[in-house]
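Residues in the sequence shown are numbered from 582 upward in steps of one, following the numbering used here.
Please read the structure below before turning to the comments.
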Amino acid sequence: WLACLGGRPMLKKIWAENGVEYVMGMLQHSDNLLHRSLELEAAGGKGARAVEAQATAVAVRAAGGLMWLSSYVGRRKPVSVVEMMVKLLHRRDPRILPYAILGMWCLARDANNRAEAGEMNAIETLTRWAFVIDRAREQQRAREARGDFGGVLRPLLASTRNVDRLMSPSV
Numbered sequence: 582w583l584a585c586l587g588g589r590p591m592l593k594k595i596w597a598e599n600g601v602e603y604v605m606g607m608l609q610h611s612d613n614l615l616h617r618s619l620e621l622e623a624a625g626g627k628g629a630r631a632v633e634a635q636a637t638a639v640a641v642r643a644a645g646g647l648m649w650l651s652s653y654v655g656r657r658k659p660v661s662v663v664e665m666m667v668k669l670l671h672r673r674d675p676r677i678l679p680y681a682i683l684g685m686w687c688l689a690r691d692a693n694n695r696a697e698a699g700e701m702n703a704i705e706t707l708t709r710w711a712f713v714i715d716r717a718r719e720q721q722r723a724r725e726a727r728g729d730f731g732g733v734l735r736p737l738l739a740s741t742r743n744v745d746r747l748m749s750p751s752v
């Protein structure tokens with residue numbers, strides 16, 4: 582069966598092409614759900630959080646798939662894969678962050694991918710995320726030094742408002 586498809590390289594190419602289209606569809610669906618949640622919130626707020634949670638769940642699944650595509654299917658990726666990974670980084674969602682960082686690391690193995698990501702301000706975004714995580718860990722260490730072991734890293738990163746505030750250029 583593999584020989585009919587041209588062997589393993591051909592199979593990887595088929596997986597990559599179909600996977601990119603599938604992940605793009607998932608991200609588009611997630612964006613549509615986010616817009617719908619904003620409309621619901623503007624109209625009175627009923628059901629907005631449920632739709633937003635569903636949008637995040639879809640985006641997390643898409644991020645995991647995109648990370649797999651970045652790590653598994655060859656070195657040189659289509660520009661669309663780099664664009665989608667940068668889009669995930671710019672979403673500022675702490676649940677997507679691990680997938681986006683690992684995916685960008687996998688993409689960075691190729692110089693062309695690095696150049697494309699640099700043109701899309703991915704390096705600056707990664708630097709800001711590193712700053713947010715470092716600052717949260719410092720706060721956690723300070724709390725633990727005072728004897729409070731409740732942890733601050735997850736609550737800090739879980740709050741979108743805190744992430745937006747810490748990632749703003751003025752910080």
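All C-beta atoms in this analysis are idealised placements derived from N, C-alpha and C, irrespective of residue type, glycine included.
- Distance from the CA atom of Glu664 to the CA atom of Gly728, rounded to whole angstroms, is 44 Å.
- By the Cβ rule, the region 621-628 does not count as touching the region 659-678, because fewer than three pairs are nearer than 8 Å.
- In this model, Asn693 and Leu670 are separated by some 19 Å (Cα to Cα).
- Between the region 638-650 and the region 700-708 there are fewer than three C-beta pairs closer than 8 Å, too few to call the two in contact.
- Of the other Cβ atoms in all chains shown, fewer than 16 fall within 10 Å of the Cβ of Pro679; this residue is therefore exposed.
- Put simply, the backbone Cα of Ala634 is about 29 Å away from that of Glu719.
- Only exposed fits Trp686, as fewer than 16 other CB atoms lie within 10 angstroms of its CB.
- A straight-line Cα-Cα distance of about 43 Å links Val604 and Ala726.
- Where Ala624 is concerned, there is no enclosing alpha helix (DSSP H), because DSSP gives it neither an H nor an E.
- Leu688 is a Cβ neighbour of Ser651, given a cutoff of 9 Å.
- Residues of the same chain with a CB within less than 8 Å of the CB of Ala698, apart from the 5 flanking positions on each side, are Val663, Met666, Val667, Met685, Leu688, Ala689, Ile704 in chain order.
- Pairing His616 with Gly606, the inter-Cα distance amounts to about 15 Å.
- Judged by their CB atoms, Ser611 and Ala631 are not nearer to each other than the 9 Å cut-off.
- Ile677 is the residue among Ile677, Asn613, Ala640, Ala638 whose C-alpha sits nearest the C-alpha of Trp710.
- Per DSSP, Gly728 lies in no alpha helix (DSSP H) and is assigned neither H nor E.
- Collapsing the DSSP output to three states places Ile682 in a helix.
- The C-beta distance from Ala640 to Ser618 rounds to 12 Å, too long to fall under 8 Å, and the pair is not in contact.
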